[in-house]
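Peer 1:
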Amino acid sequence: MHTTDFHQNFNLFFDEFRVSRKHGKRTEKLAPHQEIGEGTIFRFIPRMDLEVVISEYKLYRAYKMRMSTKRPMIELSYCFQGLREANVSGNQHELASGSCTLQLMKEVNAHFEFKESQPYMMMGIAIPVSTFDYFMEEVSGVHTRSIDFAQILGKKSYRMFKEKIDPAASVIAKQICQSVKTGSMKNLELECSALQLLSMAFRSFLFDSEPEPARFSKRDVGKIRQARDIIVEHMTEPPTLLELARWIDLNDYKLKKGFKEMYGTTVFGYLREKRLEKAFLLLQNGKMNVNEVSCAVGYSNPSYFAEAFRTKYGINPGELIRRSF
């Protein structure tokens, strides 16, 4: 299978959307037909087995479109603004603002519906099956694939995984979008950022799970999940480890060991991650300043909060407020 064949799927989409394009497999700046809407679509092909499409447009009227994909591919999509409905192989899907989807597809029939006068802002990253299967080898950390395209799809022709956009992924994706607008990102930087997002999505959707720790009863597993819920609910004033163990009626050794096996980190390491994720969403919302957000997620020292936030997301919390759109 030629890795470049999957670009045909995007060519079909652009043609059905009446987007004027000059090339089939090259980077270019596109726009919706002037009778349909206004805006810009940036198409990037930093290497022949990778395509990145960033779309920001508004349609003058509701628009329906049908198309059939011609080549198998994998697409990671981020929806930052707008609501798009899609019917793929007879199944209805809703792509809403703030959602991230990973789609694996063979040859499928799709029907898209776009709303009138609704601003859309989206980013899609696509790769062919051969590149996906190679990544699976790398992510699984073994020489023999433990998971691949055919195994995930089984007898289906299409499968979608969906979740809210992860805060860390949101930072990278929005940095890409901002850099595209200013023309400050080079092809190599775009390639690296796109591959990083793909790697994060593969781990989240396909590899990260909540295994039940060995030698623990179902009752104990349930109590550990209860402990997780308690610390998230009480993140501003969390109980100590001993207090938490007493709350769930489980000794602290079992709690520490079981929690680490199920969630891959300590109890308070997990709490720190959830605090920072909530802080990211509050800052992005733009209704609170840095000090207010720091207190809202349980940090009494704004400087310590800023340092922890910068370590995790690579930017200062105040900078995130300024970048949010």
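Residue numbers are given in the UniProt record's numbering: position 300 of the sequence shown equals residue 300, and the series is strictly consecutive.
Idealized CB from N, CA, C, for every residue including glycine.
Just so you know, these numbers come straight off a predicted model, no measurement behind them.
1. Compare the beta carbon distance of serine 170 and glutamate 107 with 8 angstroms and say whether it is the shorter of the two.
2. CB-CB under 6 angstroms to tyrosine 63, same chain, minus the five flanking residues each way: which ones, in chain order?
3. Can you give, in chain order, each stretch of the alpha helix (DSSP H) that sits fully within the segment 135 to 194 and has at least 4 residues?
4. Alpha carbon to alpha carbon, what distance is there between asparagine 9 and lysine 162?
5. According to DSSP, methionine 288 sits in a beta bridge with which residue or residues?
6. Over the uninterrupted alpha helix (DSSP H) stretch that includes methionine 262, give me the two end residues.
7. Does proline 128 have its Cβ less than 8 angstroms from a Cβ in chain C?
8. What residues in its chain sit with their C-beta under 6 angstroms from that of leucine 12, if we drop five residues either side in the sequence?
9. When you compare only the Cα positions, how much space is there between asparagine 301 and arginine 215?
10. Counting only the same chain and skipping the five closest in sequence on each side, list residues whose C-beta sits under 6 angstroms from that of leucine 244.
11. Who are the near neighbours of tyrosine 60 in its chain, counting only those whose CB is closer than 6 angstroms to its CB and skipping five residues on each side?
12. Quick check on arginine 84: does DSSP put it in helix, strand or coil?
13. Which value, in whole angstroms, describes the spacing of the CA atoms of methionine 48 and isoleucine 54?
14. Are the beta-carbon atoms of methionine 73 and proline 128 separated by less than 8 angstroms?
15. In angstroms, rounded to a whole number, what distance separates the CA positions of methionine 65 and asparagine 109?
16. Do you know offhand how far phenylalanine 259's Cα is from tyrosine 270's?
17. What's the call for threonine 69, buried or exposed, on a 16-neighbour Cβ count within 10 Å?
18. Assuming contact is defined by CB atoms lying nearer than 8 angstroms, are aspartate 166 and serine 204 in contact in what I supplied?
19. Considering just the uninterrupted stretch of the alpha helix (DSSP H) at alanine 227, what are its terminal residues?
20. Looking at phenylalanine 6 and leucine 190, is the spacing between their C-beta atoms short of 8 angstroms?
21. Answer with buried or exposed for arginine 26, where buried requires no fewer than 16 other C-beta atoms within 10 angstroms of its C-beta.
22. Give the DSSP-derived three-state secondary structure of asparagine 11 in the structure shown.
23. When you compare only the Cα positions, how much space is there between alanine 126 and asparagine 187?
24. Could you tell me the distance, in whole angstroms, from the CA atom of leucine 283 to the CA atom of leucine 242?
25. Who are the near neighbours of methionine 235 in its chain, counting only those whose CB is closer than 8 angstroms to its CB and skipping five residues on each side?
26. I need the straight-line Cα distance from glycine 154 to methionine 160, nearest angstrom please.
27. Measuring CA to CA, which of Pro119, Arg71, Ile231, Leu76 is closest to arginine 84?
28. Considering only C-alpha positions, which residue in the set Phe14, Leu95, Tyr313 is nearest to glycine 82?
29. For leucine 250, which residues in the same chain have their Cβ closer than 7 angstroms to its Cβ, ignoring the five residues on either side in sequence?
30. Going by DSSP, what residues sit across from alanine 110 in a beta bridge?
Peer 2: Taking the coordinates as given:
1. Taking 8 angstroms as the cut-off, the Cβ atoms of serine 170 and glutamate 107 do not count as close.
2. Same-chain partners within the cutoff: Phe114.
3. If only uninterrupted alpha helix (DSSP H) runs of at least 4 residues are considered, those enclosed by the segment 135 to 194 are 149 to 153, 167 to 182.
4. Straight-line spacing of the CA atoms in lysine 162 and asparagine 9 works out to 21 angstroms.
5. Methionine 288 is bridged by DSSP to nothing; it lacks a bridge partner.
6. 252 to 263 is the extent of the alpha helix (DSSP H) around methionine 262.
7. Given the protein chain composition of this structure (a single chain), no chain C is represented.
8. Excluding sequence neighbours, leucine 12 sits near Met67.
9. Across the structure, asparagine 301 and arginine 215 are spaced so that their CA atoms are roughly 40 angstroms apart.
10. Closer than 6 angstroms at Cβ, skipping near neighbours: Ala227.
11. Answer for tyrosine 60: Gly37, listed in chain order.
12. If DSSP states are grouped into helix, strand and coil, arginine 84 belongs with the strands.
13. Going from the Cα of methionine 48 to the Cα of isoleucine 54 covers about 17 angstroms.
14. Yes, the pair counts as a contact, with Cβ atoms nearer than the cut-off.
15. Going by the C-alpha atoms only, they are around 11 angstroms apart.
16. Those two C-alpha atoms are separated by around 9 angstroms.
17. Classification for threonine 69: buried.
18. With contacts defined by Cβ atoms closer than 8 angstroms, aspartate 166 and serine 204 form a contacting pair.
19. For alanine 227, the uninterrupted alpha helix (DSSP H) segment begins and ends at 218 to 233.
20. Taking 8 angstroms as the cut-off, the beta carbon of leucine 190 is found no closer than this to the beta carbon of phenylalanine 6.
21. Looking at its Cβ environment, which holds fewer than 16 other Cβ atoms inside 10 Å, arginine 26 is exposed.
22. Helix at asparagine 11.
23. Approximately 15 angstroms, taken between the alpha carbons.
24. Rounded to whole angstroms, leucine 283 to leucine 242 spans 32 angstroms at the Cα level.
25. Taking methionine 235 as the centre and dropping the five residues before and after it, the same chain places the C-beta of Leu271, Lys274, Arg275, Lys278, Val297, Gly298 closer than 8 angstroms to its C-beta, in chain order.
26. Distance between the alpha carbons of glycine 154 and methionine 160: 13 angstroms.
27. Measuring from the Cα of arginine 84, the nearest candidate turns out to be Pro119.
28. Checked all of Phe14, Leu95, Tyr313; the closest Cα to glycine 82 is Leu95.
29. Closer than 7 angstroms at the Cβ level, and outside the excluded window around leucine 250, lie Asp220, Lys223.
30. In DSSP, alanine 110 forms a bridge with Met67, Val88.
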